[in-house]
Amino acid sequence: MFAHLGYSTRTLNRLARENAGLSAELLIGERVLLEAKRLLAHSPDPAARIAEYLGFDDPANFAKYFLHRTGTTPADFRAHVRNTSTGPDSGTQLSEVPTAPSSACPRPDRQVRGVRGRIPAAR
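If you number the sequence shown the way this note's numbering does, the last residue is 129 and the count never jumps.
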């Protein structure tokens, strides 16, 4: 899965566990979920567009992924965050969100729990 990075899956998992306490798969999954929450909270784009941006093949897969990990749907999460927010909504469009160059976040050879494509770099 991670051979294109120059490391074996075992090595990356070992490094991820040593540094973050999670497997590489779980670490990637947490990063995807964090980015999904950020985009749902601050982007006016629909959840289907966010799902596509994050690399999900189908918006329904994104909704299931999000619900399974958070206990709430993307729409309910967005409504809750926006209703409890004290500051103004920034309204950041996905086209304005910078992504890492493809060399920094190469595409995985296979899907990781329904996720494909590049994952934006952490800020």
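By construction, the Cβ of each residue, glycine as well, lies at the ideal position given by its N, Cα and C atoms.
Tell me where the alpha helix (DSSP H) around residue i begins and ends.
i: residue 82; result: 80-90
i: residue 39; result: 30-48
i: residue 21; result: 15-26
Whose C-alpha, out of the options, is nearest the C-alpha of residue i?
i: residue 32; options: 75, 83, 82, 90; result: 75
i: residue 22; options: 30, 54, 47; result: 30
When you compare only the Cα positions, how much space is there between residue i and residue j?
i: residue 59; j: residue 49; result: 12 Å
i: residue 86; j: residue 20; result: 37 Å
i: residue 78; j: residue 25; result: 29 Å
i: residue 11; j: residue 83; result: 34 Å
i: residue 38; j: residue 63; result: 14 Å
i: residue 3; j: residue 80; result: Outside the displayed span of the chain (7 to 129) sits residue 3, for which this structure offers no information.
i: residue 73; j: residue 18; result: 28 Å
i: residue 15; j: residue 52; result: 34 Å
i: residue 56; j: residue 34; result: 17 Å
i: residue 46; j: residue 13; result: 33 Å
i: residue 61; j: residue 54; result: 11 Å
Can a CB atom of chain B be found closer than 7 Å to the CB of residue i?
i: residue 12; result: In the displayed structure, chain B is absent; only one protein chain is listed.
* Do the stretch 34-53 and the stretch 68-76 meet, that is, are 3 or more Cβ pairs less than 8 Å apart? -> yes
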